[in-house]
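Quick notes on the structure that follows.
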Amino acid sequence: MRHIAIIGSGPAGYYTAEAAQKKFGDDVRVDILDRLPVPFGLIRFGVAPDHQSIKAVAGRYEKVALSDNVRFVGNVTVGKDVSIDELQTLYDAVILATGAPNDRPLDIAGADLPGVFGSAAFVGWYNGHPDYADLRPPLDGRHVVIVGNGNVALDVARILSKTRAEFDGSDIVSHALDVLEDPAVEDITILGRRGPHQIAMTPKELGELAHLQRATPRVDKDDLPDIGEDALLEPGIRKSVTHLREFAAIPEAFRADKVISINFDFFAAPVAIEGDGKVERIRVERMRLDDQYRSVGTGESYTIDCSMVISCIGYQTPPIDGVPYEHGRGRFANLDGRILPGLYCVGWARRGPSGTIGTNRPDGYNIIDTVAEDMAISGDKDGRAGLDALLALRKVDIVTFNDWKKIEEAEIARARDGAPREKFVRIEDMIAASH
Ligand code: NAP
Numbered sequence: 036m037r038h039i040a041i042i043g044s045g046p047a048g049y050y051t052a053e054a055a056q057k058k059f060g061d062d063v064r065v066d067i068l069d070r071l072p073v074p075f076g077l078i079r080f081g082v083a084p085d086h087q088s089i090k091a092v093a094g095r096y097e098k099v100a101l102s103d104n105v106r107f108v109g110n111v112t113v114g115k116d117v118s119i120d121e122l123q124t125l126y127d128a129v130i131l132a133t134g135a136p137n138d139r140p141l142d143i144a145g146a147d148l149p150g151v152f153g154s155a156a157f158v159g160w161y162n163g164h165p166d167y168a169d170l171r172p173p174l175d176g177r178h179v180v181i182v183g184n185g186n187v188a189l190d191v192a193r194i195l196s197k198t199r200a201e202f203d204g205s206d207i208v209s210h211a212l213d214v215l216e217d218p219a220v221e222d223i224t225i226l227g228r229r230g231p232h233q234i235a236m237t238p239k240e241l242g243e244l245a246h247l248q249r250a251t252p253r254v255d256k257d258d259l260p261d262i263g264e265d266a267l268l269e270p271g272i273r274k275s276v277t278h279l280r281e282f283a284a285i286p287e288a289f290r291a292d293k294v295i296s297i298n299f300d301f302f303a304a305p306v307a308i309e310g311d312g313k314v315e316r317i318r319v320e321r322m323r324l325d326d327q328y329r330s331v332g333t334g335e336s337y338t339i340d341c342s343m344v345i346s347c348i349g350y351q352t353p354p355i356d357g358v359p360y361e362h363g364r365g366r367f368a369n370l371d372g373r374i375l376p377g378l379y380c381v382g383w384a385r386r387g388p389s390g391t392i393g394t395n396r397p398d399g400y401n402i403i404d405t406v407a408e409d410m411a412i413s414g415d416k417d418g419r420a421g422l423d424a425l426l427a428l429r430k431v432d433i434v435t436f437n438d439w440k441k442i443e444e445a446e447i448a449r450a451r452d453g454a455p456r457e458k459f460v461r462i463e464d465m466i467a468a469s470h
């Protein structure tokens, strides 16, 4: 019997478990550990609450989770309740699928002022992540600045802009919905250090900005390259740039009844955040592109008055003591997923935060092929029985998939009208609902 431990129950974790099932059939036992009592990682806490169709992929993971040879072991923190060394003693392979839940730091003066948030915190707040339930972002100011030109920047801008009615059918948590309902914000400025052709925004997500009830996007047509140059772009990015061109052409009259303007400020890099004890303004340097399409400063700068800055510049995998780590890229040091003998990584923990949820599927299948190549089955590993004994000794209150189903049932039962669920945002409430 092969014993595999997967750390992290997000997309990478579940695709890897699915691959292990397909590869080894009845001859494998997979334990998926998660520090939270609830599964699905990014699907629950990262994917925007108004993108429910993307979250539906959890149904596929549930099929894997409910099979006999795969088990969810929630509420177990690796590094605290059990160490990597201990797991390696118990399992033939340990696979880190821990994602990239930490923000890449915005390394400028003033980034530690109250009112500056990373996207992990802000997204975690509106998605009900227990770590950020008490964030209380100051939504009483007129201007919010978002740093970064990726899809997370778009998610954040859209969530800040939507009316209560536009959240119908979403699972945005009530603590966020209530304060977003009547915003003071009039301007949301999205800073991109490079230009329209260098955005990391996908067409569907960008296009959504044109259909908001109380907000409208604004692009300065002078920032757009010559239209002929669009032909050189990949089809996806070309479509996105087409949306930017449409935004630049929105007539002023159309803006009259829109109370929020989402302003794209290209060639604009943040250099300092300033204020007396809290964010009051951000200093921005005008940038240009060099011949490698990198952004370089022009020396010209200006300030934008604002009360909140949300940095959406990418994520990092949290390091684990004793596991080799590549600091520059914010992921585990690995060669095709191999970290050390018997220790692997997959998904964002392996390659960094890029691609879609589906990208993790081939990633999961590949890592299982690698594990199969390497695996020397000693037959004397204790696997899940050994883990259970260890956790019982340490009085860790594990949450199983069936326990999670009880939590889910309780979340569905307490949902507001039209919402799929009202998430518990406190670990103790999740545990209480699981019994
Ligand atoms: P991302 O796609 O890597 O975008 C990060 C952005 O931050 C880039 O525009 C980057 O600019 C900018 N940036 C990085 N460092 C910066 C700095 N120091 N100062 C100013 N700007 C800086 O990251 P993300 O938006 O966090 O998204 C992560 C992944 O999740 C992506 O694969 C994304 O597509 C995916 N995602 C998908 C969806 C969806 O499909 N609906 C939703 C959310 C996220 P440069 O290009 O100049 O480096």
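So the number in our numbering is just where the residue sits in the sequence shown, counting from 1, plus 35. C-beta atoms are modelled at their ideal positions from N, C-alpha and C, and glycine is treated no differently.
Tell me T224's beta-bridge partners as DSSP assigns them.
-> Secondary-structure assignment with DSSP links T224 through a beta bridge to V180, N298.
Let me know the secondary structure DSSP gives L428 once reduced to three states.
-> helix
Does the beta-carbon of F289 have 16 or more other beta-carbons within 10 angstroms, so that it is buried, or is it exposed?
-> Burial is judged here by how many other beta carbons sit within 10 angstroms of a residue's own beta carbon; F289 has fewer than 16 and is exposed.
Taking contact to mean at least 3 C-beta pairs separated by less than 8 Å, is the region 157–174 in contact with the region 203–219?
-> yes
Mark D326 as exposed unless 16 or more other C-beta atoms lie within 10 angstroms of its C-beta, in which case mark it buried.
-> exposed
Return the residue from the list E361, M236, E281, L141 that minimises the CA-CA distance to K256.
-> The candidate whose alpha carbon is nearest that of K256 is E281.
Coarse secondary structure for Y328, derived from DSSP in three states = coil
Using a threshold of 7 Å, is the CB atom of V306 nearer than that to any non-hydrogen atom of the ligand NAP?
-> Checking every heavy atom of the ligand NAP against the Cβ of V306, none is found closer than 7 Å.
Within the region 380–444, note down every full alpha helix (DSSP H) run reaching 4 residues or more, in order along the chain.
-> Listed in chain order, they are 383–386, 395–409, 418–428.
CA-to-CA distance, I297 to I223, given in whole angstroms = 5 Å
Whole runs of the alpha helix (DSSP H) within the region 197–253, excluding any shorter than 4 residues | 209–215, 238–242
From the DSSP output, read off the bridge partner residues of Q351.
-> DSSP, once it has assigned bridges, lists N137 as partnering Q351.
N395: CB within 7 Å of a non-hydrogen atom of the ligand NAP | No, since every heavy atom of the ligand NAP falls outside the 7 Å radius drawn around the Cβ of N395.
Do N17 and the ligand NAP come close, with the Cβ less than 7 Å from some heavy atom?
-> What the structure shows of the chain is the stretch from 36 to 470, and residue 17 is not part of that stretch, so it cannot be assessed.
Kindly indicate the opening and closing residues of the alpha helix (DSSP H) around F282.
-> 270–283
Cβ-based burial, R386 [other Cβ within 10 Å; buried from 16] = buried
Who are the Cβ neighbours of A132 in its own chain at under 7 Å, not counting the five residues just before and after it?
-> Excluding residues up to 5 positions away in sequence, I41, I42, G43, G45, A47, G48, T51, V381, G382, A384 lie with their Cβ nearer than 7 Å to the Cβ of A132 in the same chain.
Give the C-beta separation of M322 and T333 to the nearest angstrom, bearing in mind that I take them to be a contact with Cβ-Cβ under 8 Å.
-> 6 Å
So P46 is in the alpha helix (DSSP H); what residue range does that whole segment cover?
-> 46–59
Can you find a heavy atom of the ligand NAP that lies under 7 Å from the Cβ of S196?
-> no
Looking at I308 and V129, is the spacing between their C-beta atoms short of 8 Å?
-> Cβ distance not < 8 Å, so V129 and I308 don't count as in contact.
The beta strand (DSSP E) spanning M343 covers which residue range?
-> The continuous beta strand (DSSP E) containing M343 extends over residues 343–346.
Among F436, A420, G393, V434, the one whose alpha carbon lies nearest that of I89 | G393
Cβ-heavy atom distance, Y350 to the ligand GTP, below 7 Å = Absence of the ligand GTP from the depicted structure is noted, with the ligand NAP being the only ligands included.
Look up R456 in the DSSP assignment and say whether it is helix, strand or coil.
-> coil
Closest by CA to I462, which one among S154, P231, A144, D166?
-> D166
Could you have a look at T124 and say whether DSSP puts it in helix, strand or coil?
-> helix
Consider the C-beta atom of N184 and the heavy atoms of the ligand NAP; say whether any pair is separated by less than 7 Å.
-> yes
Below 8 Å between beta carbons: does that hold for R451 and E457?
-> R451 is a Cβ neighbour of E457, given a cutoff of 8 Å.
Inter-residue spacing [alpha-carbon to alpha-carbon] between D292 and V182 | 26 Å
Secondary structure at G159, three-state DSSP: helix, strand or coil?
-> Residue state, collapsed to three classes: helix.
Burial state of Y350 (16 or more Cβ within 10 Å) = buried
Opposite A132 in the DSSP bridges: which residues?
-> Beta-bridge pairing links A132 to no other residue.
Backbone CA spacing between H470 and N186 [nearest angstrom] | 38 Å
Closest Cα partner of Q123 within the set G363, V358, T251, F299 = V358
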